[in-house]
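Visitor: Going by my numbering, 61 is the number at position 61 of the sequence shown; the sequence numbering is gapless.
Positions of the beta carbon are idealized from the N, C-alpha and C atoms, including for glycine.
I am attaching a structure below and will ask some questions about it afterwards.
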Amino acid sequence: MKKNQGFSLLELLIATAIVAIIGVLAYPSYTDAIIDGRRSEAQQELLKTAVILERQYSRNGGYPDSTSFTALPTLEVYTFAYQPLGKPENGADFTSPRFLLTATPKAGSSQAGDPCGAVTINHTGTQGAQTSGCW
1 MKKNQGFSLL ELLIATAIVA IIGVLAYPSY TDAIIDGRRS EAQQELLKTA VILERQYSRN
61 GGYPDSTSFT ALPTLEVYTF AYQPLGKPEN GADFTSPRFL LTATPKAGSS QAGDPCGAVT
121 INHTGTQGAQ TSGCW
């Protein structure tokens with residue numbers, strides 16, 4: 001007699017169920033890792049931009065105004081903003097003594113659900129986010 005070789009339907013269903021369970025458990029971890037990685041990339045770009053601003057501060061004695069600063073990075077899922085702070089309103093020749101850089105997740109992107117939300121860094125190197133533990 002010849003023995004049948006192959007899988008029975010029950011064995012195939014059990015194997016499929018195991019793969020499905022592993023997939024259901026692994027997918028949230030995978031998406032969290034992607035979100036964390038993209039946030040880290042945005043934080044790295046904020047730090048690079050802060051270094052550029054510090055160089056300009058060293059050369060000019062202050063930070064540039066928002067119209068003359070064109071070195072903001074671009075990422076697919078983040079919008080970057082530069083805000084000079086503390087510039088006297090009546091003195092057009094004065095440079096700003098402080099700044100705030102912000103990376104905000106773009107609406108409708110995969111980062112829109114990031115619990116950290118917008119991440120920031122200022123002229124003293126203080127890093128911030130909407131929740132703790134994001135830097």
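1. Quick one: is PRO105 buried, meaning 16 or more other Cβ sit within 10 Å of its Cβ, or exposed?
2. Who are LEU142's beta bridge partners in DSSP?
3. Less than 6 Å between C-beta atoms, sequence neighbours within five positions excluded: which residues of the same chain meet that for LEU122?
4. Where does VAL147 land, buried or exposed, given buried means 16+ other C-beta within 10 angstroms?
5. What's the C-alpha gap between PRO73 and LYS48?
6. Helix or strand or just coil, what does DSSP make of ASN4?
7. Grab me the residues of ARG98's own chain with a C-beta within less than 6 Å of its C-beta, minus the 5 sequence neighbours each way, in chain order.
8. Below 8 Å between beta carbons: does that hold for PHE69 and ALA103?
9. Which first and last residues belong to the alpha helix (DSSP H) in which ALA42 is found?
10. Note down, in chain order, each residue of its chain lying with its Cβ closer than 8 Å to the Cβ of ASN60, except the 5 sequence neighbours on either side.
Guide: Reading off the structure:
1. The residue you call residue 105 lines up with position 105 of the sequence shown. Buried, since its Cβ has 16 or more Cβ neighbours within 10 Å.
2. Shown here, the chain extends from 1 to 135; a query on residue 142 therefore has no answer.
3. Translated into positions along the sequence shown, residue 122 becomes position 122. Looking at the sequence shown, residue 122 is not Leu but Asn. Closer than 6 Å at the Cβ level, and outside the excluded window around ASN122, lie LEU100.
4. Nothing about residue 147 can be read from this structure; the chain reaches only from 1 to 135.
5. Taking the first residue of the sequence shown as 1, we reach residue 73 at position 73. Taking the first residue of the sequence shown as 1, we reach residue 48 at position 48. If you take the alpha carbons of PRO73 and LYS48, they lie about 9 Å apart.
6. For the purposes of this step, residue 4 is taken as residue 4 along the sequence shown, with counting starting at 1. Residue state, collapsed to three classes: coil.
7. Taking the sequence shown and counting its residues from 1, the one referred to as residue 98 is at position 98. Cβ neighbours of ARG98 beyond the five flanking positions: LEU85, GLY86, HIS123.
8. Here residue 69 corresponds to residue number 69 of the sequence shown, with the count starting at 1. Here residue 103 corresponds to residue number 103 of the sequence shown, with the count starting at 1. No.
9. Translated into the one-based positions of the sequence shown, residue 42 becomes position 42. Where ALA42 is concerned, the enclosing alpha helix (DSSP H) stretches over 9-60.
10. Counting from one through the sequence shown, the residue named residue 60 turns up at place 60. These residues qualify, in order along the chain: THR95.
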